[in-house]
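Presented below is the structure to which this report refers.
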Amino acid sequence: MKFVDEAIIRVEAGNGGNGIISFLREKFISKGGPNGGDGGDGGDVYLVADENLNTLVDYQFEKFHRAEHGEKGGSVNCTGKRGKDLELRVPVGTRAVDVDTDEALGDLTRAGQRLRIAKGGWHGLGNARFATSTNRAPRKKTNGTPGEIRNLRLELLLLADVGLLGLPNAGKSTLIRAVSAARPKVADYPFTTLVPNLGVVRVESHRSFVIADIPGLIEGAADGAGLGIQFLKHLERCRLLLHVIDVLPADGSDPAENAVTIVQELAKYSKKLAGKPRWLVFNKLDLVMDDELDEVIAKVTAALEWDGPVCKIAAASRTNTERLAADILNYIELLPAEQPAEQATDPVNFKWDDSPVDAQQVIDEDDDDDDFDDDDYDVEVIYQR
36 MKFVDEAIIR VEAGNGGNGI ISFLREKFIS KGGPNGGDGG DGGDVYLVAD ENLNTLVDYQ
96 FEKFHRAEHG EKGGSVNCTG KRGKDLELRV PVGTRAVDVD TDEALGDLTR AGQRLRIAKG
156 GWHGLGNARF ATSTNRAPRK KTNGTPGEIR NLRLELLLLA DVGLLGLPNA GKSTLIRAVS
216 AARPKVADYP FTTLVPNLGV VRVESHRSFV IADIPGLIEG AADGAGLGIQ FLKHLERCRL
276 LLHVIDVLPA DGSDPAENAV TIVQELAKYS KKLAGKPRWL VFNKLDLVMD DELDEVIAKV
336 TAALEWDGPV CKIAAASRTN TERLAADILN YIELLPAEQP AEQATDPVNF KWDDSPVDAQ
396 QVIDEDDDDD DFDDDDYDVE VIYQR
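To get our numbering, take the position in the sequence shown, counting from 1, and add 35.
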């Protein structure tokens, strides 16, 4: 199935049902009291995380989604039926953002998690609600309020512990093939990787982590050049970034300049992403002599002013890859537990979070407003010629 990690949709919660004006009319009871019922609340719209989904492709074609409206009230104080909620199933890792306000509504990071994205309208009140000691036959009601309407951007962010960074053909896909069972396409031309790939790295039978490979970055990526900038958001939830550096680029470029380019593009895209823990991984050590490798590492670390961890591997021959995987797992296990994304998100303000009684318009159908009517409960009118 085609991988789609972003979609724009429109969601509409249901409108609240109207209250009604009604009076009790039974045999031998000609002047019964008011018994108009309230309407039903409109249905809400929810996102539900489904672990069986891995793409947002369905929402590229279905862009309009509406919950049911609440039904109007009935006589004999019958409340209208509540509108049915609408549940939209999305992959785990989906984030919902309001397009108009750029407000992040929340992240779905656990299977089965539900997130309300549009609240249904409040029910209208029937005339039985307006009965008082001085007006026992009110001809007043309120209509239901409209449901909330939102234009949303759904963003799928992969859930991975480790993310791979680097230029095209640096060996990122080869590395993920070497340490996991993932089999991304590998070839000797740039931009072989067109979509992100995930792999599960098992160091022992009961110890593992998830690694993500995204398309390579190039100079100008922060301004839209290449493919990698489209997928950098998938690294936002990674706890460690591996900067893969080709020690012998096929195009003859300088590894130090290439490394600086990646760091600069990362900083332009997101300061938060640039501040994540990062390791330098020098790949293809089997293609150069030891003294040449040491010279390349010295130039790169000097250009980056680097004093962090440095790893040397040959992904194609799997040299030092098992050791790298073990070191990564030991490092991740020592990191403090992250706060769940859904708790870190500010509470979402919905249209009807507070009681909307003051906002509802009272509809008065008593034209004379004098309480002297044949239908009034507390008054008997006598006509004389």
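Glycine included, every Cβ here is placed at the ideal spot set by N, Cα and C.
- Taking C-alpha positions only, T129 is separated from L191 by approximately 4 Å.
- Taking C-beta atoms under 8 Å as the contact rule, V134 and R188 qualify, at a distance of about 5 Å.
- Y81 is bridged by DSSP to E122, R151.
- For N293, the uninterrupted alpha helix (DSSP H) segment begins and ends at 290–304.
- For V279, the uninterrupted beta strand (DSSP E) segment begins and ends at 275–281.
- Our two residues, T136 and N186, have alpha carbons roughly 9 Å apart in a direct line.
- For I246, the beta-bridge partners assigned by DSSP are V197, G234.
- DSSP places N365 outside any beta strand (DSSP E); the residue lies instead in the alpha helix (DSSP H), whose first and last residues are 356–369.
- In the structure shown, N162 falls within a helical segment according to DSSP collapsed to helix, strand and coil.
- Under DSSP, H100 takes part in a beta bridge, and its partners are V46.
- Contact between the stretch 94–112 and the stretch 38–54 is established, with three or more Cβ pairs separated by less than 8 Å.
- Listed in chain order, the beta strand (DSSP E) runs fully inside the stretch 314–360 are 345–347, counting runs of at least 3 residues.
- Distance from A172 to N112 at the Cβ level is roughly 15 Å; contact not present, criterion being Cβ atoms closer than 8 Å.
- Taken through DSSP and simplified to helix, strand or coil, V132 comes out as strand.
- In this structure G77 is in contact with G179, their Cβ atoms being roughly 7 Å apart against a cut-off of 8 Å.
- The beta carbon of I332 is closer than 7 Å to those of F317, V345 in its chain, skipping five residues each way along the sequence.
- Under DSSP, L270 shares a beta bridge with no residue.
- The beta carbon of A309 sits closer than 7 Å to those of L301, A302, all from its chain and outside the five residues before and after it, given in chain order.
- Cβ contact annotation for L359 (same chain, cutoff 8 Å, sequence separation greater than five): V214, V316, C346, I348, in chain order.
- DSSP places L143 within a strand segment (E or B) once states are collapsed to three.
- Buried is the label assigned to D196, since at least 16 other Cβ atoms lie within 10 Å of its Cβ.
- The beta carbons of D120 and Y94 sit no closer together than 8 Å.
- Shown here, R171 sits in coil according to DSSP, grouped into three states, outside any helix or strand.
- Here L322 is exposed: its Cβ has fewer than 16 other Cβ atoms, across all protein chains shown, within 10 Å.
- Using a Cβ distance threshold of 8 Å, I367 and L275 count as a contacting pair.
- Around the C-beta of H278, 16 or more other C-beta atoms lie within 10 Å, and the residue is accordingly described as buried.
- Judged by beta-carbon spacing, L210 lies within the 8 Å limit of T356, meaning their Cβ atoms are closer than that value.
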